[in-house]
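Residue numbers (the working numbering), protein chains in the order written: chain A, 103 to 364; chain B, 39 to 288.
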Amino acid sequence: MTHPMRTGARLELKDVTKTYTGHGADKHVLDHISCIVEPGEFLSIVGPSGVGKTTLLRLLTGLTPVTSGEILLDGKKVTSPPEDLAIVLQEYTRSLMPWLTVEKNIELPLKLKKIAKDERGERVQSAIIEVGLEGNGSRYPWQLSGGMQQRVAIARALASRPRILVMDEPFASVDAQTRLDLEDLVLKVRDDFGITTLLVTHDMDEAVYLADRVLVLTGKPAHVAAEIAVPLVYPRDQVETRAHPDFGHLRGEIYQLIRGKR
Amino acid sequence: MRFANPKNWLWLISLGGSILIWQLVSVNLNDRPFPSASKISNALWAMLQTGEFWGDLGVTFLIAMVGLIIGIVLAVPLGLLVGLNEFAFRSTKFILDFLKVIPPIVVLPLVLLMFGTTIKFSITLVVFGVLFSVIVQATYGVRDTDPVLLDTLSAFNASKYARLKYAVLPSALPFIATGTKIATSAAVIVSIVTGLVGSGPGLGHSLSVAETGGNFPNVYAYVVVLGVVGILVNMLVSAIDKRIIFWRGK
């Protein structure tokens, strides 16, 4: 099938710092994070658990305000959830609505954007096909497996035709086989639409396998320990790419960065 | 086959057994306050032939349903408002929990003074019995809305109204339904009590008259009717609940 070609958005973080205040001592979570993500690029953000990856994601999506610094999406300052951004969260069981069918779940953001009914229907159907959920549109999320539910969440994100897709540990609660399938699905989506993609994960293998570049966060408060380019060629292959010597080296490098700073 | 499984008709055996034991014991007691099962069933059969009985039943049912509906219509918006506002929730929590546990029979004399033994009196008391449990449930329903769901909607730029419509209300619905289930039983009980204790119209009053007149077979026949009505209403409410809240527990 053909897809209307879109260009990804450019994301820029300038000296982003986050401190949570109130309720006792201030909690300094993120310290002067700077990074540029080029249009269409795939960036993985890794770090030990509790480092503040999810906080960074909330700042990017405009759900939480930055304490200082700036986040720019195509040069525009992010203060509220941007139109061109869509998210996929880890907890698919909680982010999908159990009272809506798969189709209605995917349609909801389009409804919120006041898109005409005919167009909504078309977009929902093409998103369902994109993630391989044909024939499941009128089922409810709780009638589907975990992997399929996460596909629904991805379809919902795609239906709003974002220029940047942000995912928070999207594959952390599915089984190993499903995880590999979903990883390849995400790569296909990036290829099909050329959207800028950000993946927050604690899995170093996954970070390297998917990304053009890996941003390593460590420390308390978290800062950028390294930005590592991944020179492995696309399309990537679950067997060949992971067997490549560069894959092992990069993985080792990231592992040491994360472990060394603890 | 459902009937192939003994679990599905065990209740019928225990019911039959209980009636049999009642019959055997009451025949030997030969005491007026304990009429035999056969006498009660005769009284019940005779009662079902009278227009008076069906009128009573209708009035009792009407009181319960009108009171229930008024109570829910008042309670749901109130509960939603209280649940949405942290200040309102904290300031009313104690009062609501306090009022919730006061049995309607306590305020019965007061309401009786206001309205006399009219249908207004009965309905008001049912509303009192229904109101607080539904308010409290609606409040908890609103507060139970998953923050992940709200974040998801916020990330899609949903307005406050859209979050209310697509996340908060559906999340509160199962709680409101549970509150309604509790309230329905309460409504039936209170509508009978208003007749029994307050001489309001309906089955409760007829039961009280039968008791005062020493017509014990009729007293028990009424008790049987009340039990059956209670079970039927509960089954109805549960069936409605299952249809509307089809995602419960998923």
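Note that beta-carbon positions come from the ideal geometry of N, C-alpha and C, so glycine has one too.
Keep in mind it's a predicted model, so treat the numbers as computed, not measured.
**Item:** CB contact check: Asn272 (chain B) to chain A, cutoff 8 Å
**Value:** Indexing the second sequence from 1 puts residue 272 (chain B) at position 234. So no, Asn272 (chain B) is outside the interface.
**Request:** Over the uninterrupted beta strand (DSSP E) stretch that includes His351 (chain A), give me the two end residues.
**Result:** Residue mapping note: residue 351 (chain A) aligns to position 249 of the first sequence, counting from 1. It is not in any beta strand (DSSP E) - His351 (chain A) instead sits in the alpha helix (DSSP H) that spans Pro347 to Gly362.
**Request:** Along the beta strand (DSSP E) that carries Met269 (chain A), what are the first and last residues, could you check?
**Result:** As a position in the first sequence, residue 269 (chain A) is number 167, starting the count at 1. Ile266 to Asp270 is the extent of the beta strand (DSSP E) around Met269 (chain A).
**Request:** Compute the beta-carbon to beta-carbon distance between Val231 (chain B) and Gly242 (chain B), rounded to the nearest angstrom, for a pair I have assumed lies under 8 Å.
**Result:** Against the second sequence, residue 231 (chain B) aligns to sequence position 193. Against the second sequence, residue 242 (chain B) aligns to sequence position 204. At roughly 6 Å, the Cβ-Cβ gap stays under 8 Å, so Val231 (chain B) and Gly242 (chain B) are in contact.
**Request:** Check whether the Cβ of Gly249 (chain A) lies closer than 7 Å to any heavy atom of the ligand MN, and answer yes or no.
**Result:** The ligand MN is not among the ligands present in this structure, which contains no ligands whatsoever.
**Item:** Inter-residue spacing [alpha-carbon to alpha-carbon] between Glu172 (chain A) and Leu145 (chain A)
**Value:** Residue numbering aside, residue 172 (chain A) sits at position 70 when the first sequence is read from its first letter. Residue numbering aside, residue 145 (chain A) sits at position 43 when the first sequence is read from its first letter. For Glu172 (chain A) and Leu145 (chain A), the distance between alpha carbons rounds to 19 Å.
**Request:** Using a Cβ cut-off of 8 Å (strictly closer), state whether Ser247 (chain A) contacts chain B.
**Result:** As a working note, residue 247 (chain A) is residue 145 in the first sequence. So no, Ser247 (chain A) is outside the interface.
**Message:** What does the Cβ neighbour count give for Arg364 (chain A), buried or exposed, with the cut at 16 atoms within 10 Å?
**Reply:** Position 262 of the first sequence holds residue 364 (chain A). Confidence is the limiting factor: at Arg364 (chain A) the pLDDT is only 43, short of 50, which leaves the residue's position unreliable, though a coordinate-based value still follows. It counts as exposed.
**Asked** By a C-beta neighbour count over all protein chains shown, 10 Å radius and 16 as the cutoff for buried, is Pro243 (chain A) buried or exposed?
**Response** Here the question's residue 243 (chain A) lines up with position 141 in the first sequence. With 16 or more Cβ atoms within 10 Å of its Cβ, Pro243 (chain A) is classed as buried.
**Message:** Given this structure, state the Cα-to-Cα distance separating Gly179 (chain B) from Trp285 (chain B), to the nearest angstrom.
**Reply:** To locate residue 179 (chain B), count along the second sequence from 1; it is residue 141. To locate residue 285 (chain B), count along the second sequence from 1; it is residue 247. Approximately 15 Å, taken between the alpha carbons.
**Message:** Let me check one thing: in DSSP terms, what residues is Arg196 (chain A) bridge-paired to?
**Reply:** Reading the first sequence from its first residue, position 94 is the one you call residue 196 (chain A). In the DSSP output, where bridge partners are listed per residue, Arg196 (chain A) has none listed.
**Request:** Compile a chain-ordered list of the residues in the stretch 143-164 of chain A whose CB is closer than 9 Å to at least one CB of chain B.
**Result:** Arg160, Thr163 and Gly164
**Asked** In the stretch 135-177 of chain B, which residue ranges form an unbroken alpha helix (DSSP H) of at least 4 residues, counting only runs that do not cross its ends?
**Response** 142-153
**Item:** Continuous beta strand (DSSP E) stretch holding Gly154 (chain A): start and end
**Value:** Here residue 154 (chain A) corresponds to residue number 52 of the first sequence, with the count starting at 1. Looking at the DSSP string, Gly154 (chain A) is not in any beta strand (DSSP E), and its letter there is neither H nor E.
**Asked** In chain order, what residues of the same chain have a beta carbon less than 7 Å from the beta carbon of His105 (chain A), not counting five sequence neighbours either side?
**Response** Along the first sequence, read from residue 1 onward, the residue named residue 105 (chain A) stands at position 3. Here His105 (chain A) scores only 49 on pLDDT, less than 50, and its place in the model is too uncertain to base an answer on.
**Message:** Mapping the DSSP letters down to three states, classify Val276 (chain A) as helix, strand or coil.
**Reply:** Numbered from its first residue, the first sequence carries residue 276 (chain A) at position 174. Residue state, collapsed to three classes: coil.
**Span of the alpha helix (DSSP H) around Gly252 (chain B)** = Against the second sequence, residue 252 (chain B) aligns to sequence position 214. Run containing Gly252 (chain B): none; DSSP gives neither H nor E here.
**Prompt:** In angstroms, rounded to a whole number, what distance separates the CA positions of Pro337 (chain A) and Leu282 (chain A)?
**Reply:** Indexing the first sequence from 1 puts residue 337 (chain A) at position 235. Indexing the first sequence from 1 puts residue 282 (chain A) at position 180. Answer to the nearest angstrom: the Cα atoms are 14 Å apart.
**Simplified DSSP state of Gly54 (chain B), which is helix, strand or coil** = Start at 1 with the first residue of the second sequence, and residue 54 (chain B) comes out as number 16. Gly54 (chain B): helix per DSSP, three-state reduction.
**Prompt:** For Pro337 (chain A) and chain B, any beta-carbon pair shorter than 8 Å?
**Reply:** To locate residue 337 (chain A), count along the first sequence from 1; it is residue 235. With 8 Å as the cut-off, Pro337 (chain A) does not count as an interface residue toward chain B.
**Asked** Whose Cβ in chain A lies nearer than 9 Å to the Cβ of Thr216 (chain B)?
**Response** Your numbering for residue 216 (chain B) matches position 178 in the second sequence. None at all; the shortest Cβ gap to chain A is about 16 Å.
**Asked** What is the C-beta distance between Ala193 (chain B) and Leu165 (chain A), in whole angstroms, given that I count them as a contact (C-beta under 8 Å)?
**Response** What you label residue 193 (chain B) is simply residue 155 of the second sequence in a count that begins at 1. What you label residue 165 (chain A) is simply residue 63 of the first sequence in a count that begins at 1. Confirmed, Cβ separation roughly 6 Å.
**Request:** Measure how close the beta-carbons of Ile110 (chain B) and Val65 (chain B) come, nearest whole angstrom, since I'm counting them as under 8 Å.
**Result:** Along the second sequence, read from residue 1 onward, the residue named residue 110 (chain B) stands at position 72. Along the second sequence, read from residue 1 onward, the residue named residue 65 (chain B) stands at position 27. Contact doesn't hold; Cβ gap of about 46 Å is too wide.
**Request:** Could you spell out the range, first to last residue, of the beta strand (DSSP E) harbouring Glu172 (chain A)?
**Result:** Here residue 172 (chain A) refers to the residue found at position 70 when the first sequence is read from its first residue. Here the beta strand (DSSP E) through Glu172 (chain A) covers Ser170 to Leu175.
**Request:** Round the Cβ separation of Phe170 (chain B) and Lys138 (chain B) to the nearest angstrom and send it over; I've been treating them as touching at under 8 Å.
**Result:** In the second sequence, residue 170 (chain B) corresponds to position 132, counting from 1. In the second sequence, residue 138 (chain B) corresponds to position 100, counting from 1. 4 Å between Cβ atoms; contact.
**According to DSSP, residues forming a beta bridge with Tyr122 (chain A)** = Here residue 122 (chain A) refers to the residue found at position 20 of the first sequence. According to DSSP, which records beta bridges pairwise, Tyr122 (chain A) is partnered with A:Lys129.
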